[in-house]
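Here is the structure we will look at, set down as structure tokens.
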Amino acid sequence: AQSVTQLGSHVSVSEGALVLLRCNYSSSVPPYLFWYVQYPNQGLQLLLKYTSAATLVKGINGFEAEFKKSETSFHLTKPSAHMSDAAEYFCAVSDSGGGADGLTFGKGTHLIIQP
Amino acid sequence: NAGVMQNPRHLVRRRGQEARLRCSPMKGHSHVYWYRQLPEEGLKFMVYLQKENIIDESGMPKERFSAEFPKEGPSILRIQQVVRGDSAAYFCASSRQSGANVLTFGAGSRLTVL
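Protein chains in written order, with this note's numbering: chain S, 5 to 119; chain X, 84 to 197.
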């Protein structure tokens, strides 16, 4: 069984400040890990994914995430927040690339950008 | 490439009615996944289908819910005799091959049950 915990249902940062969204996972096998972003009334867009290659993964819009096996974490960061980053962010895990059960999602973190 | 198309985007039903949600996968994709997003919750897996086959329906409620992906046409998620608790956003995703690492999501269908 696999699960995802996102710490903080809401995170507020000032424009230009560092963004840090936390994600911890549990998986019985080496995981595939993902971050998705959901803008209001839209579907999910893939930000980045970890698939057992480099532990530091760079995604779109200046986001990156680092896989830390010892901490079972996959936190999402961005050096400088922009107003357009305001959205819901979901961390997700899959325990196999060929898994039939798709992705297991966290409950999401709502990112608020203060001007 | 139109991406994953879902319709209707918004659907309102009264208790006891039926809801049908449609999903057309991306061109060339033959794997379809349905997820449900309840308010303040993450997405929950419901069902995984390939053309004419249900591969995994472990996330589907035992009653009133069904899904199909016919040889021709979109995938359909059908909810019979809807109740207020069915109000949610229903997302479809598709992939060219099996596996979660290549999913593309649609914009979702938001069901409101009055």
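Backbone N, C-alpha and C define an ideal beta-carbon position, used for all residues, glycine too.
Any chain X beta carbon closer than 8 angstroms to residue i
i	result
S/Thr113	no
S/Gln46	yes
S/Leu25	no
S/Phe94	yes
Straight-line Cα distance separating residue j from residue i
i	j	result
X/Ser113	S/Leu115	34 angstroms
S/Val97	X/Arg97	35 angstroms
S/Arg26	X/Tyr118	23 angstroms
X/Asp139	S/Glu19	43 angstroms
S/Gly12	X/Phe128	22 angstroms
S/Gln118	S/Ile64	21 angstroms
S/Glu70	S/Ala58	9 angstroms
X/Ile163	X/Lys145	Per the sequence shown, residue 163 of chain X should be read as Gln rather than Ile. Those two C-alpha atoms are separated by around 12 angstroms.
X/Asn90	S/Ser74	43 angstroms
Minimum Cβ-Cβ distance from residue i to chain S less than 8 angstroms
i	result
X/Glu124	yes
X/Gly156	no
X/Gly99	no
X/Phe174	yes
Beta-ladder partner(s) of residue i, from DSSP
i	result
X/Phe152	Answer is none; X/Phe152 lacks a bridge partner.
X/Met143	DSSP output for X/Met143 lists no bridge partner at all.
S/Ala96	S/Phe38, S/Phe109
X/Phe223	In the structure as shown, chain X begins at 84 and stops at 197. Residue 223 of chain X is therefore absent and cannot be evaluated.
X/Met88	X/Ser107
X/Arg97	The partner list for X/Arg97 (beta bridge, DSSP) is empty, contrary to what the question assumes.
Which of helix, strand or coil DSSP assigns to residue i
i	result
X/Met109	coil
S/Glu68	strand
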